[in-house]
Amino acid sequence: RELRQSLKIAHESTSQKAAELERANDQARQASAALTALQIKFADESASLRQQVETLRAASIAAMTELDTARERHAKEMDQLRLDQREMTAQLMRQAANDCRVAAQADAQALQ
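Taking the numbering used here, the leading residue of the sequence shown gets 10, the next gets one more, and so forth.
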């Protein structure tokens, strides 16, 4: 009878331990599933962030290219403006020289 009682107590204790282990196992499975879900979420977010970085990098390259093009265009325009200014200055000097020549001829004729 004592042996039965001891076996019964041992069986109950073992059943309790088994139930505790099953609960712990369930919690571990839930934690593992939650961890897997987080890993998937972070992988998706990481991929999204990588895509955003690539998009920003491409936009930055495009902006820098556009800026370089604008600088080159501005430099060419400035060179053309300098060339035009030199040409206008030379033309004004030729016109002034011609006006002086005409005035000198008129003075010479007036003196005759």
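C-beta: ideal position from N, C-alpha, C; glycine also.
Predicted model only: the values in this text are computed from it and were never measured.
query: Identify whether glutamine 121 lies in helix, strand or coil by the three-state DSSP scheme.; result: coil
query: Which of the three DSSP states, helix, strand or coil, is assigned to arginine 103?; result: helix
query: For arginine 66, which of helix, strand or coil comes out of DSSP?; result: helix
query: Could you tell me the alpha carbon to alpha carbon distance between glutamine 25 and leucine 16, rounded to whole angstroms?; result: 14 Å
query: Which class does arginine 32 belong to by DSSP, given the choice of helix, strand or coil?; result: helix
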